[in-house]
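Asker: Have a look at this one before I ask anything.
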Amino acid sequence: MEMTPLDIRNKTFRKGIRGYQCEEVERFLETVSQEFESAYTENFELREKTKDLESEISHYRQIESTLQQTLLLAQKTAEEVKEAAHRQASLILREAEHEKMSKVSEAQQKWEEIQEEIQGLSRKRDLLRTQLKSFLLAHLDLETLQERNEGIA
C-alpha cells in the first residue's frame, strides 16, 4: 500500500490513559507529513525525469543504430567503388597493353618494309653501278678502238 502525505495528515490515533500529548503528536505528524510530501514530490519529479531521460536514451540509441547502419553502408559503398575502380584500372591497363602491342606490331611491320625498301634500293644502286661501270668500260673500249683505228689510218 502506497502512502501519501494526505494519509499521514488524516491519521488519527486512539487515546489511552497515559497517552501522548496530542499537540506534540500532531506537530510531529505535520513535520513528517511535510517531509514525506517533499520526498514524495521529489520522487515523482525524479520518476518523470527518469522517464524523459530513458526516452532520450532510446532516441539516442536509435540515432546510434542509424549512424552504425549508415557507416556500414558507406563502408560497403566505398568498397564497391574501390573494387569498381580496380576493375576499371585493370581494363584500362589491358586496353593500353593491347594498344601498345598493336603499335609495336605496326612499327615492326613498318621497320621490315623500310628494310625491304633499303635492300631494294641497295640492289638498284648495285645494278646501276654495274651498268655504269659496263657503260664506262664499253665507252673506254670504244675510245681505245677509235684511237687504234685513227693510228692505223
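Numbering (the working numbering), first residue to last: 178 to 330. By construction, the Cβ of each residue, glycine as well, lies at the ideal position given by its N, Cα and C atoms.
What number of angstroms, rounded off, separates the C-alpha of E231 from the C-alpha of Y217?
Answerer: By 1-based counting over the sequence shown, the position of residue 231 is 54. By 1-based counting over the sequence shown, the position of residue 217 is 40. Cα-Cα distance, rounded: 21 Å.
Asker: Where are the alpha helix (DSSP H) runs, 4 residues long or more, that stay fully inside the region 178-214, in chain order?
Answerer: The region 178-214 contains these whole alpha helix (DSSP H) runs: 182-186.
Asker: In angstroms, rounded to a whole number, what distance separates the CA positions of G189 and M180?
Answerer: The residue given as residue 189 occupies position 12 in the sequence shown. The residue given as residue 180 occupies position 3 in the sequence shown. Note that residue 189 corresponds to Thr in the displayed sequence, not to Gly. About 15 Å.
Asker: Measure the C-alpha to C-alpha separation of E212 and K253 and round it to an integer number of angstroms.
Answerer: Position 35 of the sequence shown, counted from the start, is the residue given in the question as residue 212. Position 76 of the sequence shown, counted from the start, is the residue given in the question as residue 253. Computed Cα separation, rounded: 60 Å.
Asker: State the CB to CB distance for the pair P182 and E225, rounded to an integer number of angstroms; the pair is presumed to be in contact (CB under 8 Å).
Answerer: Locating residue 182 in the sequence shown gives position 5, where the first residue counts as 1. Locating residue 225 in the sequence shown gives position 48, where the first residue counts as 1. Not confirmed; about 18 Å, so no contact.
Asker: Applying the criterion that 16 or more other CB atoms from any shown protein chain within 10 Å of the CB defines a buried residue, is S210 buried or exposed?
Answerer: Within the sequence shown, numbered from 1, the residue matching residue 210 stands at position 33. It counts as buried.
Asker: To the nearest angstrom, how far is the alpha carbon of T243 from that of F205?
Answerer: Reading the sequence shown from its first residue, position 66 is the one you call residue 243. Reading the sequence shown from its first residue, position 28 is the one you call residue 205. Each residue's Cα considered, the two are about 56 Å apart.
Asker: Determine, using beta carbons only, whether E207 and R186 come nearer to each other than 9 Å.
Answerer: By 1-based counting over the sequence shown, the position of residue 207 is 30. By 1-based counting over the sequence shown, the position of residue 186 is 9. It is a contact, given that the beta carbons lie within the stated cut-off.
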